[in-house]
Structures are given as structure tokens and as C-alpha cells.
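With the sequence shown counted from 1, adding 178 to any position gets you the numbering used here.
Ideal Cβ positions, reconstructed from N, Cα and C, are used throughout, including at glycine.
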Amino acid sequence: MLRHDVRMRPDGLAEPGIRMTNSPPTHYHWADTIPNNIAREDEQSGTRMFAAIKETRFAKRVIESLLKSHSAVTAENPGLSGEALYREILLRAQMVDPSRVDRMLWEAEDSVDEWTAHGDGGLGFRQVAHFVVISQFLAAGHKGTVVSIKNIVYAMIPAEL
Numbered sequence: 179m180l181r182h183d184v185r186m187r188p189d190g191l192a193e194p195g196i197r198m199t200n201s202p203p204t205h206y207h208w209a210d211t212i213p214n215n216i217a218r219e220d221e222q223s224g225t226r227m228f229a230a231i232k233e234t235r236f237a238k239r240v241i242e243s244l245l246k247s248h249s250a251v252t253a254e255n256p257g258l259s260g261e262a263l264y265r266e267i268l269l270r271a272q273m274v275d276p277s278r279v280d281r282m283l284w285e286a287e288d289s290v291d292e293w294t295a296h297g298d299g300g301l302g303f304r305q306v307a308h309f310v311v312i313s314q315f316l317a318a319g320h321k322g323t324v325v326s327i328k329n330i331v332y333a334m335i336p337a338e339l
């Protein structure tokens, strides 16, 4: 395609001469040159990336709420531990309907196997938080996760809690 370029001087007059160029049409988008299968893979990876960001933010919000509740409950009741502590944390964080707190703790304990609980330590705050995050995420209508919720929980919650 031939293109006519006319250069204008600062005084508004055209420079003498017309430059002819043989350049490709400029109406194509750079993505038009990518094969369809590669474009679809990039689109899917972009979708996964945004899903991962969304899931991570969701998990962090729930965990931060649980950690704030943990701090408040342990400050008010330093003698509480185990399921009684977790019950109060869930009630304070308003993560669970009060009538379902005991059921949720039972389900959390039931879902924890010996390997997850690291031996005979039983149900810990990390395991409860992991179960709560997953339960809340699924209750919000999501079908599954892209990221490891367990890794997020274990990174944010100290082992000694």
C-alpha cells in the first residue's frame, strides 16, 4: 500500500516533496497475528490469574477477621482453649450462624485427618480457619479454587495459635 506523507513546517506550509512508502495497513491489531490456540491459552491463564487474585483476597479477608476475633477473645478470656475458644472466635467474627457453630466445628474436626493435624495435636486454629475459609468460599457460590487456600492460611496464621 502506498502512503503519501506530507510534512508540515512550523509556519503551516507544506514541505516540498511527497514521500511514498510501502507499509502494511495500520488497521490490524497486534493480537490478530497470534494463532488462535495461543490466544486462547493466554486468555485462560489471564482468567486463572484473576481468579487467583480474587480467591487470595477473599481468603485474606476471612483470615484477618478470624485473627482479629482470636485476639479479642483471648484478651477477654485468656483461659479459653480448644473448641470453646474456636466457638467464641467464630461467634465474634460472625462467620457462622450461631445455631451452626457446633456443627461447623464438628465438620472441621471430621475433615481433619491425622496428617493434616500433624499427629495427635487434634484440631487447631489453622485447621478451623482453613475449613471456615473453604466453607465461606463455597457458600458464596464458587465451585472450586485455583490457589491453595491451605497455603494462604498457614502463611498468615502462626502455628502456635
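What residue from M227, I241, G302, T225 has the CA that sits closest to I330's CA? I241
By the three-class DSSP mapping on this structure, what secondary structure does D280 have? helix
Give the straight-line distance between the Cα atoms of F309 and E261, rounded to the nearest whole angstrom. 14 angstroms
With three or more C-beta pairs closer than 8 angstroms as the rule, is the region 319–327 touching the region 225–245? yes
Between the alpha carbons of G319 and K232, how many angstroms are there, rounded? 13 angstroms
D275 (DSSP reduced to helix, strand or coil): coil
Between the CA atoms of A333 and A237 - distance to the nearest angstrom: 11 angstroms
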